[in-house]
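Participant: Using the UniProt record's numbering, the first residue of the sequence shown is number 1, and each one after it goes up by one.
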Amino acid sequence: MRYRSILLLAFLFQHCFNLYCQNQRSNRLIIANVNVIPLYKDTLLRGMDVFIENGKIQDLKQHAERGKSKLRKGLFIDGKGKYLMPALIDCHVHYGSNAALFQTYDSLYFQYGIVKGLALNGTPQLLQHRDSIRKGLVYGPEFQCSGPKVNDPSMTALQAKKLLQSLRDAGYDFVKIYSDLSKEGFYEISREAFKYRLRIAGHIPQRVTTSGVLHSNQELIAHAEEFLYNPPVNYLMGNIEIPEKPNPIYIPALADSVRFYQKAVSPTLIAFKSILQSAINLEAYVKTVPLVLSHPIAIAWQWSKETSFIPKKFSSPLSISRLQFGYEYQLKLVSAFNRAGVLLLAGTDAPTIPGLVPGLSLHQEMQLLHEAGLSNYEALKAATINPAHFLKIHSDFGTIEVGKEASLLMLNKNPLENISNTLEIESVFVKGKRIKNK
Ligand SMILES: [Zn+2]
């Protein structure tokens, strides 16, 4: 009996040890001789060996031919001629109310190298999904999550306080402010949110105005277009029959004040551009993206001409001109924000507008940020280290440095030379695991 127990114990030990060794092996990865875009400064580190262990970057060394015995300890990937950058963050996405689609979004985000972000207009199901991902029960991008939009034009201070309590109890990370919220509700949320460990993000409520938001505790202004709809610019969209352009005279002062009050801005230029393109010719625009109108996401978000709000809201030629003028104005505004040193966060609003494909749209946003005047390096930062700072995950994420999370994008071409090269994806690594391999 005793002999058999010892044998059994030895067998179990051996079995566990084998599993342990397998794990050790599978948790090690070397990407050899790769060009690293670290993003802690504007530089390219040519021919590096990147050592990854247990999901973290363990070491970065100039490439050297190492003994086979050392390389055999881990999975070896030849990175010659490739470019390695941190994986991406989308600071404005929507998961909607249909939980059956959550994993479809997740896999699109991973496919395009987005591994973190901020999801707006959350639901209890989305919180559950967020927590399952955090616990490792479900494989998907790690999103922080705002509550449902707060948009009550008659909200009192007492109601605002109750709302904050309920958002905290539910486990949300952010309060999402919307355009019609009352002054009283907004200022109560601004004063009290931090006591409930909630951060504030969203639109500029028209009753509060830009100046009110700048003086408040709201940390993130979503959409550059918000600055158009409020004083001093006061330029509205819709079927308005006025041919003028918004006045650029306000841009420098707006940029300086946003910088002075340290607000982050996620311009979501691709969302506005998608509205403009859909207003011009929805069907032609949607055909340019790799997601057909019969796809469950396109159906859920009403992308078709018949269901979308856009053809109805922008039916006159003048309303389309105003969209065009408004879009050009936002490019100038973003350029001024960048020169002033405003923290710019790449965000998309996907998939709320026709043609706004989850994942792909973040790459398009980087291209538009570049068009607005950001250098390629600055556009890459807007989708990596800038939002990592904003989401307070920068000690673990957002650059390629020893000790940081090994969530990486390996590209066939250099995005510092051409920003659209972020779409030349060879592989995506999530915490040291390769998930895409063309
Ligand atoms: Zn949104």
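Backbone N, C-alpha and C define an ideal beta-carbon position, used for all residues, glycine too. The structure displayed is predicted, hence computed values, not measured ones.
1) Who are the near neighbours of L304 in its chain, counting only those whose CB is closer than 7 Å to its CB and skipping five residues on each side?
2) In whole angstroms, give me the CA-to-CA distance for C16 and G55.
3) Kindly indicate which residue of T307, N35, Q330, I200 has the alpha-carbon position closest to the one of F390.
4) Measuring CB to CB, does L331 end up less than 8 Å from E283?
5) Beta carbon of D131: closer than 7 Å to some heavy atom of ligand 1?
6) Could you check which residue in F325, E405, M85 has the C-alpha nearest to that of T43?
7) Does the structure place the segment 270 to 286 close enough to the segment 247 to 258 that three or more beta carbon pairs sit under 8 Å?
8) Using only the alpha-carbon positions, how far apart do I37 and Q206 sit?
9) Taking only heavy atoms of ligand 1 into account, decide whether any of them is closer than 7 Å to the Cβ of D49.
10) Is it the case that the Cβ atoms of L380 and Q324 are separated by a distance below 8 Å?
11) CB of T156 to nearest heavy atom of ligand 1: below 7 Å?
12) Could you check how far apart the C-beta atoms of V357 and L411 are, in whole angstroms? I think they sit under 8 Å.
13) Which complete beta strand (DSSP E) runs does the segment 117 to 161 hold, if anything under 3 residues is left out?
14) In or out: N234 buried (at least 16 other Cβ within 10 Å) or exposed?
15) Is T123 close to ligand 1? I mean its beta-carbon at under 7 Å from any heavy atom of the ligand.
16) For L118 and D90, what's the separation of their Cα atoms in angstroms?
17) Provide the residue span of the alpha helix (DSSP H) that contains Q103, from first to last.
18) What first and last residue would you give for the alpha helix (DSSP H) that runs through V258?
19) For L236 and P243, what's the separation of their Cα atoms in angstroms?
20) Residues in its own chain within less than 7 Å of S361 by CB, not counting five upstream and five downstream?
21) If you drop the 5 nearest sequence neighbours on each side, which residues of the same chain put their C-beta closer than 8 Å to that of R191?
22) Indicate whether H92 and T268 have their beta-carbon atoms separated by less than 8 Å.
23) In whole angstroms, give me the CA-to-CA distance for Q367 and D173.
24) Taking 7 Å as the cut-off, is the beta-carbon of L120 closer than that to any non-hydrogen atom of ligand 1?
25) Under three-state DSSP, which class holds G212?
26) Could you tell me whether any non-hydrogen atom of ligand 1 is closer than 7 Å to the CB of H63?
27) In whole angstroms, what separates the C-alpha of Q22 from that of Q159?
28) Per the contact definition of three or more C-beta pairs closer than 8 Å, is the segment 400 to 420 in contact with the segment 94 to 101?
29) Hey, which unbroken runs of the alpha helix (DSSP H) at 4 residues or more fall wholly within the segment 258 to 295?
30) Determine the direct distance from the alpha carbon of P148 to that of I177, and round the result to whole angstroms.
31) Considering only the beta carbon of each residue, do F227 and V208 sit closer than 8 Å?
32) Quick one: is the Cβ of D90 within less than 7 Å of any heavy atom of ligand 1?
33) Kindly provide the ranges of any alpha helix (DSSP H) runs that are 4 or more residues long and lie completely inside the segment 295 to 353, ordered along the chain.
34) Give the straight-line distance between the Cα atoms of H94 and E241, rounded to the nearest whole angstrom.
35) Give a yes or no on whether the C-beta atoms belonging to F143 and V430 are separated by under 8 Å.
36) How is N386 classed by DSSP in three states: helix, strand or coil?
Facilitator: For this structure:
1) For the purposes of this step, residue 304 is taken as residue 304 along the sequence shown, with counting starting at 1. Before going on, a small fix: residue 304 reads as Ser here, not Leu. For S304, where only same-chain residues beyond five positions count, the Cβ hits under 7 Å are L293.
2) For the purposes of this step, residue 16 is identified with residue 16 of the sequence shown, where counting begins at 1. For the purposes of this step, residue 55 is identified with residue 55 of the sequence shown, where counting begins at 1. Note that C16 has pLDDT 41, beneath the 50 cutoff, so the model's placement of it is unreliable and the number below is only indicative. Each residue's alpha carbon lies about 21 Å from the other.
3) Reading the sequence shown from its first residue, position 390 is the one you call residue 390. Of the candidates T307, N35, Q330, I200, the one whose C-alpha sits nearest the C-alpha of F390 is I200.
4) Here residue 331 is taken as the residue at index 331 of the sequence shown, counted from 1. Here residue 283 is taken as the residue at index 283 of the sequence shown, counted from 1. Cβ atoms of L331 and E283: not closer than 8 Å.
5) Working through the sequence shown from its first residue, we reach residue 131 at position 131. For ligand 1, not one heavy atom lies less than 7 Å from the Cβ of D131.
6) Here residue 43 corresponds to residue number 43 of the sequence shown, with the count starting at 1. When each option's Cα is compared against that of T43, the closest is M85.
7) no
8) Here residue 37 refers to the residue found at position 37 of the sequence shown. Here residue 206 refers to the residue found at position 206 of the sequence shown. If you take the alpha carbons of I37 and Q206, they lie about 42 Å apart.
9) Along the sequence shown, one-based indexing puts residue 49 at 49. False, no ligand heavy atom lies under 7 Å from that Cβ.
10) Walking along the sequence shown from the start, residue 380 turns up at place 380. Walking along the sequence shown from the start, residue 324 turns up at place 324. No, the Cβ-Cβ distance between L380 and Q324 is not below 8 Å.
11) The residue you call residue 156 lines up with position 156 of the sequence shown. For ligand 1, not one heavy atom lies less than 7 Å from the Cβ of T156.
12) As a first step, residue 357 must be located in the sequence shown, where it is residue number 357. As a first step, residue 411 must be located in the sequence shown, where it is residue number 411. Not really, about 19 Å apart at Cβ, beyond 8 Å.
13) 142 to 150
14) Reading the sequence shown from its first residue, position 234 is the one you call residue 234. Result: exposed.
15) Counting from 1 along the sequence shown, the entry for residue 123 is found at position 123. Incorrect: T123 has no Cβ contact closer than 7 Å to ligand 1.
16) For this step, residue 118 is matched to residue 118 along the sequence shown. For this step, residue 90 is matched to residue 90 along the sequence shown. Approximately 7 Å between the Cα atoms of the pair.
17) Mapped onto the sequence shown, residue 103 falls at position 103. Segment 102 to 111, the alpha helix (DSSP H) holding Q103.
18) Counting from one through the sequence shown, the residue named residue 258 turns up at place 258. From DSSP, the alpha helix (DSSP H) with V258 extends over 251 to 260.
19) In the sequence shown, counting from the first residue as 1, residue 236 sits at position 236. In the sequence shown, counting from the first residue as 1, residue 243 sits at position 243. Rounded to the nearest angstrom, the two C-alpha atoms are 12 Å apart.
20) On the sequence shown, residue 361 is found 361 positions in, with the first residue counted as 1. Cβ neighbours of S361 beyond the five flanking positions: I270, T348, A350.
21) Start at 1 with the first residue of the sequence shown, and residue 191 comes out as number 191. Excluding sequence neighbours, R191 sits near N217.
22) The residue you call residue 92 lines up with position 92 of the sequence shown. The residue you call residue 268 lines up with position 268 of the sequence shown. In this structure, T268 lies closer than 8 Å to H92 by Cβ.
23) Residue numbering aside, residue 367 sits at position 367 when the sequence shown is read from its first letter. Residue numbering aside, residue 173 sits at position 173 when the sequence shown is read from its first letter. The alpha-carbon atoms of Q367 and D173 are separated by roughly 29 Å.
24) Position 120 of the sequence shown, counting from 1, holds the residue named residue 120. Checking every heavy atom of ligand 1 against the Cβ of L120, one is found closer than 7 Å.
25) Taking the sequence shown and counting its residues from 1, one reaches residue 212 at position 212. Helix.
26) One-based indexing of the sequence shown puts residue 63 at position 63. H63 Cβ: outside cutoff for every heavy atom of ligand 1.
27) The sequence position of residue 22 within the sequence shown is 22, counting from 1. The sequence position of residue 159 within the sequence shown is 159, counting from 1. With a pLDDT of only 41 at Q22, under 50, the local geometry of the prediction cannot be trusted, and the value read off the model is given with reservation. About 55 Å.
28) no
29) 269 to 287
30) On the sequence shown, residue 177 is found 177 positions in, with the first residue counted as 1. On the sequence shown, residue 148 is found 148 positions in, with the first residue counted as 1. So the two alpha carbons sit approximately 9 Å from each other.
31) The count along the sequence shown starts at 1 and reaches residue 227 at position 227. The count along the sequence shown starts at 1 and reaches residue 208 at position 208. Not a contact, by the Cβ cut-off of 8 Å.
32) Locating residue 90 in the sequence shown gives position 90, where the first residue counts as 1. Checking the Cβ of D90 against ligand 1 gives no.
33) 296 to 300, 310 to 313, 317 to 340
34) Walking along the sequence shown from the start, residue 94 turns up at place 94. Walking along the sequence shown from the start, residue 241 turns up at place 241. Cα-Cα distance, rounded: 32 Å.
35) Counted from its first residue, the sequence shown places residue 143 at position 143. Counted from its first residue, the sequence shown places residue 430 at position 430. Contact flag unset, no.
36) What you label residue 386 is simply residue 386 of the sequence shown in a count that begins at 1. Helix.
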